[in-house]
Amino acid sequence: MENLKEAMYYEKQPDGSTKCVLCPHNCMISPGRTGICGVRKNIGGVLYSLIYEKVSSIAFDPIEKKPLYKFHPGTFILSAGSVGCNFRCPFCQNYSIARAEPEKVETSAITSGQLVSKALSLMEQGNIGIAYTYNEPTIWYEYVYETARLAKEKGLVNVLVTNGFINPEPLENLLPYIDAMNIDLKGYSEGFYRDVVKGRLESVKNTIRLAAGKCHVEVTTLVIPGLNDSPEEMEEMAKWLASVSPDIPLHLSRFFPRYMMQDRPMTPIKTLSELENIASRYLNNVYMGNV
Ligand code: SF4
Numbered sequence: 004m005e006n007l008k009e010a011m012y013y014e015k016q017p018d019g020s021t022k023c024v025l026c027p028h029n030c031m032i033s034p035g036r037t038g039i040c041g042v043r044k045n046i047g048g049v050l051y052s053l054i055y056e057k058v059s060s061i062a063f064d065p066i067e068k069k070p071l072y073k074f075h076p077g078t079f080i081l082s083a084g085s086v087g088c089n090f091r092c093p094f095c096q097n098y099s100i101a102r103a104e105p106e107k108v109e110t111s112a113i114t115s116g117q118l119v120s121k122a123l124s125l126m127e128q129g130n131i132g133i134a135y136t137y138n139e140p141t142i143w144y145e146y147v148y149e150t151a152r153l154a155k156e157k158g159l160v161n162v163l164v165t166n167g168f169i170n171p172e173p174l175e176n177l178l179p180y181i182d183a184m185n186i187d188l189k190g191y192s193e194g195f196y197r198d199v200v201k202g203r204l205e206s207v208k209n210t211i212r213l214a215a216g217k218c219h220v221e222v223t224t225l226v227i228p229g230l231n232d233s234p235e236e237m238e239e240m241a242k243w244l245a246s247v248s249p250d251i252p253l254h255l256s257r258f259f260p261r262y263m264m265q266d267r268p269m270t271p272i273k274t275l276s277e278l279e280n281i282a283s284r285y286l287n288n289v290y291m292g293n294v
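Taken in order, the sequence shown gives residues 4 to 294; the numbers are from the numbering used here.
Written out as structure tokens, the structure reads:
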């Protein structure tokens, strides 16, 4: 059982199954099976992370690429990701790692200490810390938690780029070590979250609310023609975000056909621009991305 780490946040059941309570899916997992994310497995009645210390992607990126526009602008951040996701977005941009089985993706074994050392060695080149990104970092919880604690001790910042689908208890346990988050708000209807990405809007809103009280938060919405691009939906979303804080930056990014969603065109610039105008009535910092 190479490189397995017992999971945090699960409950053993009398019949040998395990209930994972890391994210709101709260998967009940029988022996030999994994949860919806595909990276947490019940082996003999114990739940393990299959991606602990497994890094699929690593890069040194401008902080604006996360995107974070109001958090140490002009700096760089060491960015790392692993494998798996707890959503099922048909438009996923990183599906080769997010939708793959852990054993089918080439990964490097990198300990928390090694990643932190690498981040420290890049400080002279403008590095401020570590971003956990590329796949969904909250399901990489054990590694992110350990690494973030160590990084913080060494004076580095930690950034999560996340879909926000995590239960409140593990989130609150991690937040003291997290300095900034970019959280996807993929749409503003429960129907979109339920039918398209297989998540729940209310849980993501809860994450944004909790995180915004504890660290720097920016929000990203991928605007998909015909799915989440109505002016009414944008108005409701912007109003709600403003009720958390009108200073939360909102990034509206452009959809391009990819992965399993090839049936619609890229987002017209005109649509993005109209939605930017609507959101700007309520929010102080709205940006159009990748246009
Ligand atoms: S983290 Fe994975 S196993 Fe745990 S509840 Fe979420 S989808 Fe299920």
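Glycine included, C-beta positions come from ideal geometry on N, C-alpha and C. Model, not experiment: these values are computed from the prediction.
Review point. How long is the line joining the alpha carbons of Y285 and Q16, rounded to whole angstroms?
Key: 47 Å
Review point. Count the other CB atoms within 10 Å of the CB of S59; is the residue buried (16 or more) or exposed (fewer)?
Key: buried
Practice item. Note the first and the last residue of the continuous alpha helix (DSSP H) segment covering E14. Key: E14 -> not in any alpha helix (DSSP H); beta strand (DSSP E) instead, spanning 13-15.
Check your understanding: Is P65 helix, strand or coil when you go by DSSP?
Key -> strand
Review point. Any chance the CB of I142 is under 7 Å from a heavy atom of the ligand SF4?
Key: yes
Check your understanding: On the premise that A101 lies in contact with E139, defined as a C-beta separation below 8 Å, what is that separation, rounded to the nearest angstrom?
Key -> 7 Å
Practice item. May I have all residues whose beta carbon comes closer than 5 Å to any heavy atom of the ligand SF4, sorted in chain order? Key: C23, L25, C26, H28, C30, G38, I39, C40, R43, N89, I142
Point to revise | Beta-carbon spacing of L81, I133 below 8 Å | key: yes
Exercise for review: For the alpha helix (DSSP H) holding M237, just list the boundary residues, first then last.
Suggested key: 234-247
Point to revise | C-beta atoms of G41 and E109 nearer than 8 Å | key: no
Check your understanding: If we count the other Cβ atoms within 10 Å of its Cβ and call it buried at 16 or more, is N231 buried or exposed?
Key -> buried
Exercise for review: Answer with yes or no whether the minimum CB distance from G38 to chain D is below 8 Å.
Suggested key: Absent from the structure: chain D. Only one protein chain is present.
Check your understanding: So, helix, strand or coil for R203, using DSSP?
Key -> coil
Practice item. Count the other CB atoms, across all protein chains shown, that sit within 10 Å of the CB of P252; report buried if there are 16 or more and exposed otherwise. Key: buried
Check your understanding: Would the stretch 218-231 and the stretch 42-56 be scored as touching if the rule is three or more Cβ pairs under 8 Å?
Key -> no
Practice item. Within the same chain, show all residues whose beta-carbon is closer than 8 Å to that of R197, passing over the 5 residues directly before and after it, in chain order. Key: R203
Exercise for review: Going by CA-CA distance only, name the one from S120, G38, N161, D18 that's closest to F74.
Suggested key: N161
Practice item. Sort out for me which residues DSSP pairs T21 with in a bridge. Key: K15, I32
Point to revise | Selection from G158, E145, L244 that minimises the alpha carbon distance to L123 | key: G158
Check your understanding: How is P56 classed by DSSP in three states: helix, strand or coil?
Key -> Here residue 56 turns out to be Glu, not Pro, going by the sequence shown. Note: E56 maps to coil in three-state DSSP.
Practice item. Verify whether the separation of the beta carbon atoms of G84 and Y137 is less than 8 Å. Key: yes
Exercise for review: Using three-state DSSP, classify T37 as helix, strand or coil.
Suggested key: strand
Review point. In terms of DSSP beta bridges, what is A304 paired with?
Key: No information on residue 304 is available, as it lies outside the stretch 4 to 294 that the chain covers here.
Point to revise | K208 (DSSP reduced to helix, strand or coil) | key: helix
Exercise for review: Use the C-beta contact count for R267: other C-beta atoms within 10 angstroms, 16 or more gives buried, fewer gives exposed.
Suggested key: exposed
Review point. So, do the stretch 246-265 and the stretch 208-220 have three or more beta carbon pairs nearer to each other than 8 Å?
Key: yes
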